[in-house]
Every structure is written in structure tokens, then in C-alpha cells.
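Remarks on the structure that follows.
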Amino acid sequence: MNLEKPEAPVNTGLPRQEPSRRFSVAPMMDWTDAHCRYFLRILSKHALLYTEMVTTGALLNGDHERFLRHHETEHPLALQLGGSVPSDLAACARMAQEHGYDEVNLNVGCPSDRVQNNMIGACLMGHPGLVADCVKAMRDAVSIPVTVKHRIGINGRDSYEQLCEFVGTVRDAGCNSFTVHARIAILEGLSPKENRDIPPLRYDVVAQLKADFPELEIVLNGGIKTLEACHAHLQTFDGVMLGREAYHNPYLLAEVDQQLFGSTAPIITRAEALAKLRPYIADHLANGGAMHHITRHVLGLGTGFPGARRFRQLLSVDIHKAKDPLALLDQAGQLLEGR
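Going by the numbering used here, the first residue of the sequence shown is number 33, and it counts up by one from there.
The following block contains the structure:
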């Protein structure tokens, strides 16, 4: 991924205010990169954004600056880590804090075989004591919040009592914010994609968890598609996290600030959002990047109106043969006028 000279995080020496988790966009591999987050921030100033999951190995043994760099406008911003060695997670949490992140989140929900083999993700739900050790090590290392994202269980360990044991154990290590994907994870026989659809959603289980742990912040994740549903869930939960819907229908975020955060600012139009993204795209091109690195994330703006298909074609197909990418972007923007 080629990023044009991002602004360095401003380090005032003062602790950042803890971010609101009332509405957040889920960490999604290959989707919530820095370009995507810059675009989503144009639509909502208040939504909490998460990075893609970054493994401790990638940060400790690779080019950590490449993984951690971000544009200052992306805040509030959380780094999601994948790992299970407490000392490694602590070192990476320190990197997150030094790079200006507002939160560090531990992934205990990813079901892929690759991460399981490295003791990352949902398989850690079978090891609540280890997760607690990881959380404590990170909390001891940084002053920014340390949170956990997890499932309601895994196959073979999917009773409500076992879920409570997991949450209680991690709470006792100092974690007070849990984002709960309201499905179990099937660790053998289902792909990560199937694990996002086949195990049934159990909002009732997460609601019972909130009732039994009222002192904890419980954020609901899984299957939420509309702001009306967000309003309904916020009667029970402390926050909502949207994943695929926020990516495929990003214009939903344009009303988040007004509907969920009480903002009185006018709602940005689709055309205005693309126009605000244009200078960022121009800078990326000037630094040798390709326009599709960014525009692949904005295709969802072209949804549900005449000309939407042409908009998507311009930015996903025609873009690869355009001699003047910005002229093509402007052509696509004309299709959004009045939208």
C-alpha cells in the first residue's frame, strides 16, 4: 500500500480523551486500510475507526512504520492487534501509543486457520487466562484504553457460563470494554466468510451479558445494517459496531453524527464527499500511487440511484486504462451531483 506523506501524529504530551464507542466501524482485513479510513472520516467525524488487524510479528519483525502510519484526520482511531504473547503485545501497544492511536484492541474473534495456527483470534476464547495475561501486560505498558473484540463462543466452548467465565476473567485483568460479535465461531470446517454468516446471530446472549455485567461497556457487533437498528440496539448496549454494511454502503455514515452523536452540522452529500477526497487522491497520484488504491473503497457511494452502475464501472473498470485518472474521477463525481 502506497501512502502519500501522512501527517505525523500530534503528540502534545497530554493523554487523549477516551474515544466514544457509541458507533464504530469494524476492523476488516484488506478493507479498513488508511485510505478507507480517510474516506470514512469525511463522512463521519465521530465514528470510531479501527485498523485492519496487525499481528505482533508484523510489527516487531517487519516495517512497523508502514503498518502504523496514519493521517491525523483519522482520529478517533484504534489499532487492532493479533497475538497471544503478553510481552509482544505490550511492546506493540507501546508502539500504538507512541504513534498516537486512541485505543489498542485485542482480536479474539478471527476464525481463520492461519491465525489459529499462531494462537491468534477466536481460538483464544478457549484460553481466558492467557487473554487476561495479555490484557494486563498491555494495560501495564500504556495509558490508552485496552479493549477486546470477541465472539460469544467457539465450537466446543459455547455455553453461556463459559462466555461469562471468559468475560469475567478478562475483566479482572482490567479490561472494561468488550466488543462482542454475536455469533459463535466454528474453528473447523467453516471459512472466515462462512463464519460471518452461518452461525446464527444471538443478540439475546449479548443482551444477557450486558445485564449480568452492567458495569462493563458492551458494544454489539454482527449483522447490523441500518441506523434504525443502531438506535434500537443502543437501548440495550453501550455501542454498536458495523462491518460489511459500513463498507458496502458507506453513505450510511453521513447521518451518524446527526442521528447518534447529536451533531447539528449539515449532512454531507455524496458529491461533496467525493470532492473532499479529490485532493487526497491527487496527492497519492503525485507520490506514485494508483487511484484504484483509494477508489476501490468508495464504490459503495454508487448505490441505489440512476447512474450508480456507471459510477461503479468508471472507478473499478475504466480506471485501469484511464490516461487522466483525475478527469475520470471528475466524470464519476458528476454522476453524484444532487445525490
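A virtual CB, placed ideally from N, CA and C, is assigned to each residue, including glycine. Every value quoted in this text rests on a predicted model; they were computed, and no experiment measured them.
Contact set for residue i: own chain, Cβ-Cβ below 7 Å, skip 5 residues either direction
i	result
Leu367	Gly339, Arg342 and Phe343
Asp289	Ser76, Lys77, His78, Ser295 and Ala297
Gly365	Ala303, Leu306 and Ala307
Phe337	Arg371
Pro118	Asp165, Cys166 and Ala169
Extent of the continuous alpha helix (DSSP H) to which residue i belongs
i	result
His182	Note, His182: premise wrong, no alpha helix (DSSP H); beta strand (DSSP E) at Val178 to Ile186.
Tyr70	Ala66 to Leu75
Gly365	Pro357 to Gln366
Phe198	Tyr192 to Asp204
Gln290	Val288 to Phe293
CB of residue i within 8 Å of CB of residue j, strictly
i	j	result
Val251	Ala205	no
Thr88	Gly115	yes
Leu178	Val136	Here the sequence assigns Val to residue 178, which means Leu is not the residue at that position. Cβ atoms of Val178 and Val136: closer than 8 Å.
Ser348	Leu331	yes
Ala217	Pro160	no
Ile351	Thr327	yes
Arg69	Leu80	no
Gly221	Arg183	no
Gly254	Leu284	no
Val174	Gln240	no
Arg203	Phe245	yes
Leu195	Cys155	no
Reference residue i, options the options, closest by Cα
i	options	result
His213	Leu285, Ala123 and Pro231	Pro231
Ile74	Gly336, Asp244 and Arg310	Arg310
Gly94	His107, Ala58 and Cys124	Cys124
Tyr192	Ala173, Val238 and Glu260	Val238
Leu138	Gly336, Lys181, Asp244 and Ala264	Lys181
His107	Met157, Ser56 and Arg276	Ser56
Thr105	Leu121, Arg98 and Phe71	Phe71
Ser52	Phe245, Thr211, Leu317 and Gly336	Thr211
Gly275	Lys257, Asp65 and Ala264	Lys257
Glu226	Arg215, Asp236 and Leu162	Arg215
Ile186	Leu358, Asp134, Ala314 and Gly158	Gly158
Gly334	Ala66, Ala314 and Pro282	Pro282
Contacting residues, own chain, Cβ-Cβ under 6 Å from residue i (five flanking each side not counted)
i	result
Gly370	none
Arg171	Val178 and Gly206
His280	Gly332
Gln112	Pro59, Tyr82, Thr83, Met85, Asn137 and Asn139
Ala354	Leu360
Asn43	For Asn43, the pLDDT reaches just 43, beneath the cut-off of 50, and the residue's location in the model is therefore unreliable, leaving the point undetermined.
Tyr235	Ala214
Contacting residues, own chain, Cβ-Cβ under 8 Å from residue i (five flanking each side not counted)
i	result
Met127	Leu91, His96 and Leu100
Lys242	Leu248, Ile250, Thr268, Phe269 and Asp270
Asn34	Since pLDDT at Asn34 reaches only 37, below the 50 mark, its modelled position is unreliable, and the value read off the structure follows with that caveat. Within the same chain, Asn34 has close Cβ partners His316, Asn319, Gly320, Gly321, Ala322 and His325.
Trp63	Glu84, Tyr279 and His329
Where the beta strand (DSSP E) containing residue i begins and where it ends
i	result
Met273	Gly271 to Leu274
Val57	Phe55 to Val57
Short CB-CB distance (under 8 Å) between residue i and chain C
i	result
Ala364	Among the chains in the structure shown there is no chain C, since it carries only a single protein chain.
*What residue ranges within the region 211 to 255 form continuous alpha helix (DSSP H) runs of no fewer than 4 residues, ordered along the chain?*
224 to 227 and 235 to 244
*Mind pulling the beta strand (DSSP E) runs of 3 or more residues that sit fully within the region 69 to 142?*
80 to 82, 109 to 114 and 135 to 140
_Going residue by residue through the region 330 to 360, where are the continuous alpha helix (DSSP H) segments of at least 4 residues, counting only ones entirely within it?_
As for any alpha helix (DSSP H) of minimum length 4 sitting wholly inside the region 330 to 360, the runs are 340 to 348, ordered along the chain.
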